[in-house]
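Line by line, the protein sequences are chains A and B.
Counting in the numbering used here, the first sequence runs from 1 upward without gaps.
Counting in the numbering used here, the second sequence runs from 1 upward without gaps.
A short worksheet on the structure shown next.
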Amino acid sequence: MAMKDNDTGDLKVANPRGLPVVSDFEIGAIDNETGYRSFRVGSFSFRRDEYFVRISWPGGNHQMPIDAFLRAMMRDVAWGFFYGTVNFDGVFGTTNYYGEVEVFVGAMNDAYTSAGRELIERFRSEELIDVFRQMVDDWTNESYDPFAAPMETGTPWGTKKGSNNEAVSRQRVTAQRMVGLAGDAPKRSDETGYPVNRAFRDVGQDEPEVHAEPGFEGEVAAFNLFAYLSRSDVTWNPSVCSVVRDSLFCPTTEEFILPVEHGNDRVEWFLQLSDEIVWDVKDGKTGAPRAVVTMRAGDVACMPADIRHQGYSNKRAMLLVWENGSPAIPEMVRSGTAPVVPVRW
Amino acid sequence: MTEKRTEFGSLDNFQKGGIDIVDDDPRNYVFSNIYETAARSEPYERVCAAKNFEYVIEVARAEGQSGWYACRHDEFVVCMDGEVDVHLVKLDAPEGLVDSSLDGAQRLEELPDNQRKMGRVRLKRGHMALLPVGAAYRFEASSPAVVIFQTIQGAETVEKWAEICLA
């Protein structure tokens, strides 16, 4: 799926590792002690307790704090596995092949691969996302919202206590042409349940003056993008606001830490609209540090196609994520016919 | 505790970030700042700030009145500083004015008489407008402003990476 639901087009699903598709899933019974269900996808078993997720597979196990895991899993599910690789941390993650998805431990970690300890299995996207959705739904307590900034939500700790289905089933915005046009994604307002965020109370809410001649009301159109972003109730969740063929403007608001290390399978651009974000950039395959990029309002930078990145934002910031949604690009990058850096001079 | 203050940039006031290299080439990040680029460019020079295959983000300093532009596909404009008016007219015969084999904005030599006015939009900082296919558009800014375009590379796109990017 990634950012647009038609991203796969008519292209054959790539399978560079030649892995078979596994269709073996299990939803476990409710644990008497914690109240949570366990889950299994292929060889990977998932269990949560009061503080951690425990991931195990034949020959290994791994754990993460449950808050970090739920924040990462929430994005992976909401983004339809996004573009390329979503590293939940330095060990566990998924790689999207747009119709099929690889789940891995250690595949993007130099120590694991050098020792031959990685495990990768492949699943159909719709089957995997169904299990992942159930996992994030079952493991999210009533006071916790994995999409929210840490200061705007409760904590996920402890045994099972209610649920927050409304928060974990949010639909991401995917405008077909531009936000605010008739029949397209609507603007945000107090009335529609999107108050101005506490970090953006100083952002002007004035709408553009639009003077359309009779008959052109549908084409003479504008909206206040910054006001729209100031009313976002989620963080680190790019949503499509305007579209020129495969060119997708996906602005988002960012606070605290990007919950995943995103290893894109194509070049991605950032335009900092407000405030500051610092990006840790690592090698996509090994995780070795490559650079730290500090972006302030007006800065533009690309993320090459062979890296992974993770952002840090103290004051909630507005970021324009710019994607090329063409389904042909990943294979072009893999085959070397597309550059990993878009511009040379 | 003071209220949080949102930091936007402007032609007169921006603080450019930067790159701390661990093991890489800074040019791989094609890092620039739109306000700096706009300040150093000619009015309405559409400088490429980001490029992904055929798609581009162009940045321009709006100052005074621009020429007329048209395009065979939608474009979008966001005002990033100042105030700018966008005037739109419907082209009765776009095929005679716009080369339908080319993407990107095309500057019109002149606008034929008697084109139908579609309307006008006044954009301030943070406002986004549609520049619809089949229309011609022109900008007016009484004082310098900054706009970015979501579009496709075309004849009006200016690439000068060595001048605008960190190296």
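Even glycine gets a Cβ: it sits at the ideal position worked out from N, Cα and C.
Remember, it's a predicted structure, so these values are computed and weren't measured experimentally.
Under 8 Å from the C-beta of residue i: neighbouring residues of chain A
i	result
Y44(B)	Result: empty, since nearest Cβ-Cβ is about 19 Å, beyond 8 Å.
Q15(B)	R296 and A297
Backbone secondary structure at residue i - three-state DSSP
i	result
T113(A)	helix
E207(A)	coil
W68(B)	coil
T37(B)	helix
D7(A)	Any reading at D7(A) must be qualified, since the residue scores a pLDDT of 49, below 50, and its modelled position is unreliable; no value is offered.
E75(B)	strand
M1(A)	Confidence is the limiting factor: at M1(A) the pLDDT is only 42, short of 50, which leaves the residue's position unreliable, though a coordinate-based value still follows. Reduced to three states, the DSSP call for M1(A) is coil.
G154(B)	coil
P304(A)	coil
R5(B)	coil
V168(A)	helix
P20(A)	coil
M74(A)	helix
N96(A)	strand
E152(A)	helix
R290(A)	strand
G17(B)	coil
Y36(A)	coil
R198(A)	helix
F216(A)	coil
F149(B)	strand
R344(A)	coil
Cross-chain neighbours of residue i in chain B, by beta carbon under 7 Å
i	result
F200(A)	T6
S247(A)	Y55 and Q150
N324(A)	N52, F53 and Y55
Range of the contiguous beta strand (DSSP E) that encloses residue i
i	result
Y312(A)	I307 to N324
M118(B)	R116 to K124
E100(A)	E100 to V105
L248(A)	S247 to I257
T235(A)	Note, T235(A): premise wrong, no beta strand (DSSP E); not H, not E.
R188(A)	Element bounds for R188(A): n/a, residue is neither H nor E.
D283(A)	E276 to D283
E26(A)	F25 to I30
E46(A)	Per the sequence presented here, residue 46(A) reads as Phe, with Glu not at that position. From DSSP, the beta strand (DSSP E) with F46(A) extends over F44 to R48.
Endpoints, the alpha helix (DSSP H) within which residue i is located
i	result
R228(A)	Looking at the sequence itself, residue 228(A) is Tyr, so the reference to Arg does not match. Element bounds for Y228(A): L225 to S230.
W161(B)	W161 to I164
Q134(A)	S125 to W139
R334(A)	I329 to S335
Under 7 Å by beta carbon: chain A residues contacting residue i
i	result
G104(B)	What G104(B) touches in chain A: nothing, since even the nearest Cβ is about 10 Å away.
Y35(B)	G298
P132(B)	E219
W68(B)	The premise fails here: W68(B) is roughly 16 Å from chain A at the closest Cβ pair, so nothing lies under 7 Å.
R40(B)	In chain order: nothing, as chain A lies at least about 13 Å away.
V78(B)	L225
For residue i, the residue or residues it bridges with in DSSP
i	result
Y83(A)	None; Y83(A) has no bridge partner.
V84(B)	L123(B)
T174(A)	V240(A)
Q63(A)	R54(A)
K181(B)	Because chain B in this structure spans residues 1 to 167, residue 181(B) falls outside the shown range and cannot be described.
L271(A)	V300(A) and L320(A)
G263(A)	T85(A)
L111(B)	For L111(B), which the question treats as bridged, DSSP gives no partner whatsoever.
M295(A)	I277(A)
Candidates the options: closest to residue i by CA position
i	options	result
L319(A)	A297(A), V340(A), F88(A) and I257(A)	A297(A)
D145(A)	A167(A), A301(A), F270(A) and D265(A)	A167(A)
F81(A)	G99(A), F270(A) and R17(A)	G99(A)
V179(A)	F249(A), Y36(A), S56(A) and W236(A)	F249(A)
A167(B)	T6(B), R5(B), G126(B) and I21(B)	I21(B)
G90(A)	A68(A), D31(A) and V77(A)	A68(A)
Q272(A)	H309(A), R170(A), A317(A) and P58(A)	A317(A)
F92(A)	P214(A), R231(A), G287(A) and K161(A)	G287(A)
L352(A)	G311(A), S23(A) and S189(A)	The requested residue 352(A) does not occur in the structure, where chain A is confined to residues 1 to 345.
P208(A)	D202(A), Y194(A), F226(A) and E191(A)	F226(A)
D184(A)	S274(A), R344(A), V240(A) and Y194(A)	V240(A)
Y228(A)	S43(A), W345(A), R201(A) and V260(A)	R201(A)
R61(B)	G134(B), D25(B) and I148(B)	I148(B)
Where residue i meets chain B, residues with beta-carbon distance less than 8 Å
i	result
L271(A)	I34, A49, A50, I57 and I148
S335(A)	Within 8 Å Cβ-Cβ: nothing; S335(A) doesn't reach chain B, min ~15 Å.
R177(A)	D74 and L130
Chain-ordered neighbours of residue i on chain B, where CB pairs are closer than 9 Å
i	result
C302(A)	N28, Y29, V30, F31, A50, K51 and N52
Cross-chain neighbours of residue i in chain A, by beta carbon under 9 Å
i	result
V121(B)	P208, E209, V210, H211, A212, V220, A221 and A222
D23(B)	D283, A288, P289, R290 and A291
R107(B)	By Cβ distance, chain A contributes nothing, its closest Cβ being about 19 Å from R107(B), past 9 Å.
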